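**Student:** When we follow full-length UniProt numbering, the leftmost residue of the sequence shown carries the number 1, and every step to the right adds one. Note that CB positions come from ideal geometry on N, CA and C, so glycine has one too. Since the structure is predicted, the reported quantities are computational estimates derived from the model, not experimental observations. Okay, handing you the structure first.
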Amino acid sequence: MYESFYRLREAPFAITPDPRFLFHTRNHRDALAYLHYGIDQKKGILALTGEVGVGKTLVIRTLLGQLPRTVRTSIVMNARLSFRQLLYMALLDWDLQPPGRSRVDLLLTLQEFLIRMRQSNENAVLIIDEAQNLSEKSLEEFRLLSNLETADAKLLQIVLVGQTELKDKLNRHGLRQLRQRIPGIFDLSRLPDPAVQEYVDFRLQVASGGGVSGLFDDSALDEVCRTSNGIPRLINQLCDRALLIGFAKGQERIDGEIVHEAAQELGYLEDGTPHYSSVYREA
């Protein structure tokens, strides 16, 4: 709606995980390096955690676009399912058709697939999103899957992606065997204030083909920093609403008052303080 008014080719602050809009902070680069290394070196189990809205899914989507063709990936989005249901969905994502849905059928199908992958020098990766919702029993089952290995490498790489609760769960005493198999848990952090300002300008430049910069003035960027607390999803929603308000008012640049008004409309402000309930409801 406001794109042509601000000389944009597309909406710059959509919350869909488009890899073109990944803003490479050092933390994000390190996250990708951690995942690439763990998959390439066949470490078995990796874990990526972070607060709601910090960009975990976007990092994963970017990773998928960077992996070589010799890596076959399967993504399971609903971690509230049972282990057997999760495994069945993973097999289907690999275009595998088990002869039945019993545990034995599923495991034999997986084992045969992994052996074929090994023989052709390929790598299999299973990514489980929202992994904080996995039960301890399911997590232990996935640990047992990591026992599928040769003398020098794991046949299956498992990437657990989840909110900060996942880190707490993995550190429980009952899951210590699983935790010992994870070469460090990578925690994706919020953006510091200087990075928030760069992030806003970066997305505007991507959405405009490099033609728009400085659309948000200093007071607007200060308000975005204060209200978003460095969470990219909040930044996107806040800036998108601010552009809509600015367009409705015919204002060519976004200032702090417009961002404040956007925060109020979105429910991010309550008695003058940041309020994050909306983003948690949408996560």
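Tell me the start and end of each unbroken beta strand (DSSP E) in the UniProt domain "AAA+ ATPase" (42-186) that is at least 3 residues and wholly inside, in chain order.
**Tutor:** Here the runs fully enclosed are 45-50, 71-76, 123-128 and 156-162.
**Student:** For isoleucine 158, which residues from the same chain have a beta carbon less than 6 Å from its beta carbon, with the 5 sequence-adjacent residues on both sides left out?
**Tutor:** Mapped onto the sequence shown, residue 158 falls at position 158. So the list reads Ile45, Leu126 and Phe142, once near-sequence residues are dropped.
**Student:** Taking only three categories from DSSP, how would you classify leucine 238?
**Tutor:** Counting from one through the sequence shown, the residue named residue 238 turns up at place 238. Helix.
**Student:** Within 10 Å of its beta-carbon, does aspartate 129 have 16 or more other beta-carbons around it, so buried, or fewer, so exposed?
**Tutor:** As a first step, residue 129 is located in the sequence shown; it is residue number 129 there, counting from the start. Buried, by the Cβ-count rule.
**Student:** Could you tell me the alpha carbon to alpha carbon distance between isoleucine 245 and arginine 69, rounded to whole angstroms?
**Tutor:** Counting from 1 along the sequence shown, the entry for residue 245 is found at position 245. Counting from 1 along the sequence shown, the entry for residue 69 is found at position 69. Roughly 44 Å separates the two Cα atoms.
**Student:** Within this structure, are the beta carbons of leucine 48 and lysine 56 separated by less than 8 Å?
**Tutor:** Looking up residue 48 in the sequence shown gives position 48. Looking up residue 56 in the sequence shown gives position 56. Yes, the Cβ-Cβ distance between leucine 48 and lysine 56 is below 8 Å.
**Student:** Using only the alpha-carbon positions, how far apart do aspartate 271 and aspartate 222 sit?
**Tutor:** Numbered from 1 along the sequence shown, position 271 holds the residue referred to as residue 271. Numbered from 1 along the sequence shown, position 222 holds the residue referred to as residue 222. Because the pLDDT at aspartate 271 is just 45, under 50, the model does not fix this residue reliably, and the point stays unresolved.
**Student:** Does glycine 267 pass the burial test, meaning 16 or more other C-beta atoms within 10 Å, or should it be called exposed?
**Tutor:** As a first step, residue 267 is located in the sequence shown; it is residue number 267 there, counting from the start. When all chains shown are included, glycine 267 counts as exposed.
**Student:** With distances taken from CA atoms, which of Phe21, Tyr6 and Glu112 is nearest phenylalanine 13?
**Tutor:** Within the sequence shown, the letter at position 13 stands for residue 13. Minimum Cα distance to phenylalanine 13 is reached at Phe21.
**Student:** Determine whether the beta carbon atoms of glycine 250 and serine 219 lie at a separation below 8 Å.
**Tutor:** Within the sequence shown, residue 250 is the residue found at index 250, counting from 1. Within the sequence shown, residue 219 is the residue found at index 219, counting from 1. Taking 8 Å as the Cβ cut-off, glycine 250 and serine 219 do not qualify as a contacting pair.
**Student:** Taking buried to mean at least 16 other C-beta atoms within 10 Å of its own C-beta, is glycine 210 buried or exposed?
**Tutor:** For the purposes of this step, residue 210 is identified with residue 210 of the sequence shown, where counting begins at 1. Result: exposed.
**Student:** How big is the Cα-Cα spacing for lysine 154 and leucine 148?
**Tutor:** Locating residue 154 in the sequence shown gives position 154, where the first residue counts as 1. Locating residue 148 in the sequence shown gives position 148, where the first residue counts as 1. Distance between the alpha carbons of lysine 154 and leucine 148: 6 Å.
**Student:** Within the stretch 187-236, note down every full alpha helix (DSSP H) run reaching 4 residues or more, in order along the chain.
**Tutor:** Counting only runs of 4 or more, we get 193-208 and 218-228.
**Student:** So, with DSSP's three-state summary, where would you put isoleucine 15?
**Tutor:** The residue given as residue 15 occupies position 15 in the sequence shown. Of the three classes helix, strand and coil, the one that applies to isoleucine 15 here is coil, per DSSP.
**Student:** Our contact map puts threonine 62 next to leucine 32 with C-beta atoms below 8 Å; I'd like the distance itself, whole angstroms only.
**Tutor:** The count along the sequence shown starts at 1 and reaches residue 62 at position 62. The count along the sequence shown starts at 1 and reaches residue 32 at position 32. With 8 Å as the limit, threonine 62 and leucine 32 qualify as a contact, their Cβ atoms being about 7 Å apart.
**Student:** What are the boundary residues of the alpha helix (DSSP H) that includes isoleucine 39?
**Tutor:** If you number the sequence shown from 1, residue 39 lands on position 39. Where isoleucine 39 is concerned, the enclosing alpha helix (DSSP H) stretches over 26-40.
**Student:** Where does arginine 281 sit, in a helix, a strand or coil, going by DSSP?
**Tutor:** Sequence index remark: in the sequence shown, residue 281 carries index 281 (1-based). In this prediction, arginine 281 has a pLDDT of 37, which is less than 50 and means its spatial position is unreliable; what the coordinates show is noted afterwards. Note: arginine 281 maps to helix in three-state DSSP.
**Student:** Thinking just about the alpha-carbon of each residue, which of Phe5, Leu215, Phe247 and Ala195 is nearest to the one in isoleucine 231?
**Tutor:** In the sequence shown, residue 231 corresponds to position 231, counting from 1. Per the Cα distances, Ala195.
**Student:** Note the first and the last residue of the continuous alpha helix (DSSP H) segment covering glycine 256.
**Tutor:** As a working note, residue 256 is residue 256 in the sequence shown. Per DSSP, glycine 256 belongs to the alpha helix (DSSP H) from 256-266.
**Student:** Indicate whether the contact test is met: 3 or more Cβ pairs, each with one atom in the stretch 3-10 and one in the stretch 113-125, closer than 8 Å.
**Tutor:** They do not touch, by the three-pair rule.
**Student:** Compute the Euclidean distance between the alpha carbons of valine 247 and glutamate 51, then round it to the nearest angstrom.
**Tutor:** Counting from 1 along the sequence shown, the entry for residue 247 is found at position 247. Counting from 1 along the sequence shown, the entry for residue 51 is found at position 51. Looking at the sequence provided, one finds phenylalanine at residue 247 rather than valine. Computed Cα separation, rounded: 31 Å.
**Student:** Give a yes or no on whether the C-beta atoms belonging to leucine 64 and valine 76 are separated by under 8 Å.
**Tutor:** As a first step, residue 64 is located in the sequence shown; it is residue number 64 there, counting from the start. As a first step, residue 76 is located in the sequence shown; it is residue number 76 there, counting from the start. Against a cut-off of 8 Å, the Cβ pair of valine 76 and leucine 64 comes out as no contact.
**Student:** Select from Val59, Gly53, Ser213 and Gly184 the residue whose C-alpha is nearest the C-alpha of glutamine 237.
**Tutor:** Start at 1 with the first residue of the sequence shown, and residue 237 comes out as number 237. It is Gly53.
**Student:** Tell me, please, whether the stretch 16-30 touches the stretch 183-194 by the rule of three or more beta-carbon pairs shorter than 8 Å.
**Tutor:** Yes: at least three Cβ pairs fall under 8 Å.
**Student:** With 16 as the cutoff for other CB atoms within 10 Å, does threonine 109 come out buried or exposed?
**Tutor:** Against the sequence shown, residue 109 aligns to sequence position 109. The residue is buried, with at least 16 neighbouring Cβ atoms inside 10 Å.
**Student:** Three-state secondary structure (DSSP) at arginine 20?
**Tutor:** Here residue 20 corresponds to residue number 20 of the sequence shown, with the count starting at 1. Note: arginine 20 maps to helix in three-state DSSP.
**Student:** Between phenylalanine 83 and tryptophan 94, what straight-line distance do the alpha-carbon atoms span, to the nearest angstrom?
**Tutor:** What you label residue 83 is simply residue 83 of the sequence shown in a count that begins at 1. What you label residue 94 is simply residue 94 of the sequence shown in a count that begins at 1. Distance between the alpha carbons of phenylalanine 83 and tryptophan 94 is about 17 Å.
**Student:** Apply the 10 Å Cβ neighbour rule to threonine 227 and answer buried if 16 or more other Cβ atoms are within range, or exposed otherwise.
**Tutor:** One-based indexing of the sequence shown puts residue 227 at position 227. Buried, because 16 or more other Cβ atoms sit within 10 Å of the Cβ of threonine 227.
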